[in-house]
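Going by my numbering, 495 is the number at position 363 of the sequence shown; the sequence numbering is gapless.
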Amino acid sequence: MTASPPPPFRDPELPLDQRVDDLLSRLTIGERIALLHQFTPAVERLGIAPFRTGQEALHGVAWMGPATVFPQAVGLGATWNDDLVRRVGEAVGAETRAMRARDDRVGLNLWAPTVNLLRHPLWGRNEEGYSEDPRLTSAIAVAYTRGLRGDHPDHWRTAPVLKHWLAHNNETRRDTSSASVRPRVLHEYDLRAFRAAVEAGGVAGVMPAYNLVNGRPNHLSPYLREHLRTWTDRELLVCSDAGAPSNLVDSEKYFDTHEEATAAALIAGVDSFTDHGTDASIITGRIQRALEQGLLTENDIDTAVRRHLSVRFRLGEFDPGQGPYADPATHAFDTPGHRALAQETAEQAVVLLKNDGLLPLPEGTRIAVVGLLADECKTDWYSGTLIHRSTPLDGLRERFGADRVTFTEGADRVRLKCAAGWLQVPSDGAEGGHVQDAEIALDPALLTGRTDLAPLTCGPEPTEFALVDWGCGTWTLRAPGGRYLSVADDGFVRASADQPGGWVVQETFTLVGHGDGYLIEHKGTGGYVSVAADGVKVAEEREVFTVEFLERGEDAVARAAAEADAVIVVAGNDPHINGRETQDRTTLALPPHQERLWRAARAANPRTALALVSAYPYAVADAHAQLPALLWAAHGGQAAGTALARVLAGDVSPAGRLPQTWYAADTDLPGLLDYDVIGSRQTYLYFDGTPLYPFGHGLGYSSFAYEDLVAAREGELLRVAFTVTNTGPRAADEVAQLYTRAPREAAAALALPHRQLAAHRRVHLAAGAARRLEFQLPLSELAFWDVRHDRWAVPPGAYEVLAGASSSDIRLATTVDIEGDAIAARPVRGSGLAATGYDEQNGTEIVDRARTSGDAVRAVDGGAGELLFRDCDFGDGVCGVSVETAGAGAVDLISGSTATTVTVPETGGVYDYALGTSGFTVSGVRDLRVRLRGPLRLARLAFTATAQQKSQQKAQQKETA
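See below:
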């Protein structure tokens, strides 16, 4: 008997679209709907396996057990090294495949990288992004996704999904807050970060963010259709963030029913719904009911299913042998090469902020390494489990010898007493084995505290605890055995946690002053530490404790520092405390405890360096002024300590560069929810002050000369070249940075950036060696979004081309004359004005004109606000104005000495628009101010020509006819 030939969808010789269509045609409507949830079931009759969208892999495979852990994403950005990051992506992709080969729960649809721009340094998830600059972010994202994807023309090693679409930089009210994003910021800033990676071909899709943009949830974003899907001819899979589809009704109140919300999200472009964990029935039930209610069509469902299947075909799932990347020969896991790459990446990510000759440390130096992070190798929410671990202490002892390195943590040593006695860890409360259930241990959100240990008690014998103040009212307490005090589900307090962590951190407390003592509030539950007959627990009852300080951390640090030749203070953050997913920071300041430590070290020994290991910038102006050396590195993964030690020793000349501005003080920052980088003068592009450390800053142990800059236009390209020479005594890397600046008159008139990164190149040069660097810049990269005419435009004039070592350390400059596009006045008489096309605003925000598309502007909180439109061309004159508004209030128009008011009666709902008119006689080119009063939304303004002009227009039309 002859075997039946395989169906067309399993024939790798057929075109992809034909294979997708064949498989789609074989699926029932129920089977197709089932493919729209994150956890898709098997279709056994067709031999189709289950599939899961979403495998975290931000800087290594996360949540699935041991894996190679690379530096945090912001650390990858600090390398400014595209080739290196591509190799990191290749390693992560290879480990993903290797791990999947032994555990099919490991997914191949990777939710990485995060390309949200690091607009505001207080964002809790700063560690996840690459840079505040869209071009640097794009370059690093292109490199990482190319590595993850692989270089096969048709098959993909993994399928990366970019996070989080769009304009998402706040954890505060992240599911209900709206980012007001004006057209220029949208086009020039936020979209730019996504576009290059999509166009480069290594991206399988995007994930919408939790927040709203211009009043509309990102999971309904019209930009998915209007922009994202126009950047490539490939199908892109849009995966919702966890729980976000339900938020459309539950927290955002955007729709009344989940059927309406789910249908709207699907039509907007969401193809895979991550909601209700592994229980797909809730989402599939909503889709089925939406279909029955006529809110969806089968074609809508098929469109999303086609995108889902397209990814699986590219991953090789339906090929014989499941494609080339299923071959074990292409897999690699924890190889010597991956370990070396982790170390190389950590070394390249170290940024030397200041050095007055203290570094590098000579051989034989007696070193005191002190600080809360001196013997830590911290992981974050999106880290894998460490296979290897190197702390700064480990690295320095290995490099300089254990006999030359002393260590002092600097925690306060305390005892705590209440009416029932001293707080103590019982002898049977510090040991014991504990194994998490294998199914839930891979999801850190499901990990639970230990209950196999005895809880704390109170009695006559005190336990000495290590108390650390992490700032912002957050403390940790650690028992002598090294475990942190933690609260399990049963409410008891135990010395049970190896590190603070979890979706809700159970290891942090607040000491609340109360009379002569303290109440100890547990931050995870809001309860208070109290004493019960069966042990210490958290409850509503409040126990007053006195804190006896046996030794202050700064005293121990001072002793160690005084006995050393040099001191390295390692300070920074724990990625699970005060700045993480769900929690923004409130200040740039280093926590007071760590301030005390570096000040004590410096007082005892002026040869003190501050090494900041953190997920975000700090304002450390005093440290900069008083210490001879400062460094910064993101949490560097498994080789962090070795890398830092090699930099301190001079085995590696540091060449990391800051991927974002380090501001001098909190007063330099706008509000966290102010997304208008132009109007609020954010990032190096617009900041008018003097930063502590500028974007692109970083020093090394060698010196470099920049020479012979030439720039010339060739067609639609700008060709630039210059020479970099290592004039120092040792081989080192240099990161050459190329910036452009618009013609000064245009820059001032149009509020264009002070300068913007155009290209960069990290090069390694031997002492005395030189290299000619050449760049080709598309002229389109000089463009800005012209809101006057809704287009990209390159203003004419002399453009400055700047080469240097940072955004403020410019070594060479030249100019190139570009004819460009004349920036004409706004043709308001014929085209009117979109309310969002303003040049400046005060007291307003952009909101949704309708649920599906369109924008309008309203005064914040229904008060008063103003829009400024510059250079409006009213021609020979207009005699009236009409405003398209919803709500009630008034619109004032002022142009020079001419003013009018349009009173707007209540129109009904926020989406019920009506036209209001008024006389308004003005002519020529002039600025227009529009003031909004009351709870109304303004969508557009239109102007009425005079009767004479209308007659002239009719006459012209007759002549033309």
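The beta-carbon is built from N, C-alpha and C at its ideal position, and this holds for glycine as well. Predicted model, so just to flag it, every value in this text is computed and none were measured.
In this structure, the straight-line span from the alpha carbon of residue 200 to that of residue 619 is close to 30 Å. Sequence-distant partners of residue 198 (beyond 5 residues in either direction) whose C-beta falls short of 8 Å from its own C-beta, in its chain, are 466, 516, 517, 518 and 519. Assignment of beta-bridge partners to residue 906 by DSSP yields 853. DSSP places residue 886 outside any beta strand (DSSP E), giving it a letter other than H or E. Around the C-beta of residue 252, 16 or more other C-beta atoms lie within 10 Å, and the residue is accordingly described as buried.
Less than 7 Å separates the beta-carbon of residue 989 from that of residue 967. Between the region 236–246 and the region 784–797, the count of Cβ pairs shorter than 8 Å is below three; the stretches do not touch. Exposed is the label assigned to residue 431, since fewer than 16 other Cβ atoms lie within 10 Å of its Cβ.
In the three-state DSSP reduction, residue 284 falls in the coil class, being neither helix nor strand. Going by DSSP, residue 224 is part of the alpha helix (DSSP H) stretching over 214–234.
With respect to the 7 Å criterion, residue 480 and residue 211 are classified as neighbours on the basis of their beta carbons. By the beta-carbon neighbour count (other beta carbons within 10 angstroms, threshold 16), residue 1047 is exposed. For the 7 Å CB-CB criterion, residue 526 and residue 773 form a contact.
Straight-line measurement puts the Cα of residue 268 at about 36 Å from the Cα of residue 167. Residue 325 sits close to residue 249, with the two beta carbons spaced by under 7 Å. Taking the Cα of residue 961 as reference, the smallest distance to any Cα among 156, 1006, 359 and 928 is reached at 1006. Remark: three or more beta-carbon pairs, one from each stretch, lie closer than 8 Å, so the region 662–676 and the region 641–650 are flagged as touching. If the five residues before and after residue 334 are omitted, its C-beta is found closer than 6 Å to the C-beta atoms of 277, 278 and 281, all from its own chain and listed in chain order.
The alpha-carbon of residue 982 is positioned some 60 Å away from that of residue 684.
Here the alpha carbon of residue 826 sits roughly 33 Å from the alpha carbon of residue 337. When the beta-carbon positions are compared, residue 1038 and residue 1020 come within less than 7 Å of each other. Counting along the chain, residue 689 sits inside the alpha helix (DSSP H) bounded by residues 685–694. Counting C-beta pairs with one atom in each stretch, the region 292–301 and the region 350–360 have three or more that are closer than 8 Å, which means they touch. Taking 8 Å as the upper bound for CB-CB distance, residue 1064 and residue 997 are in contact here, some 5 Å apart. Under the three-pair Cβ rule at 8 Å, the region 695–714 counts as touching the region 593–607.
No residue range can be given for residue 141, since it is assigned to no beta strand (DSSP E) and is classified by DSSP as neither H nor E.
The continuous alpha helix (DSSP H) containing residue 532 extends over residues 524–532. Positions of the beta strand (DSSP E) runs, each at least 3 residues long and wholly inside the region 1018–1076, are given as 1021–1027, 1030–1036, 1045–1054 and 1057–1065 in order along the chain. By the criterion of a C-beta distance shorter than 8 Å, residue 231 is surrounded in its chain by 193, 196, 197, 199, 238 and 465, once the five residues flanking it on both sides are discounted. Of the residues 311, 330, 642 and 802, the one whose Cα lies closest to the Cα of residue 344 is 311. Between residue 780 and residue 493, the C-beta gap is smaller than 7 Å, which places the two residues in contact.
Boundaries cannot be given for residue 384, as no alpha helix (DSSP H) includes it and DSSP labels it neither H nor E. 7 Å or more divides the Cβ of residue 944 from the Cβ of residue 871. Relative to the Cα of residue 804, the nearest Cα in the group 285, 301 and 758 belongs to 301. The three-state secondary structure of residue 818, taken from DSSP, is helix. Around the CB of residue 645, fewer than 16 other CB atoms lie within 10 Å, so the residue is classed as exposed.
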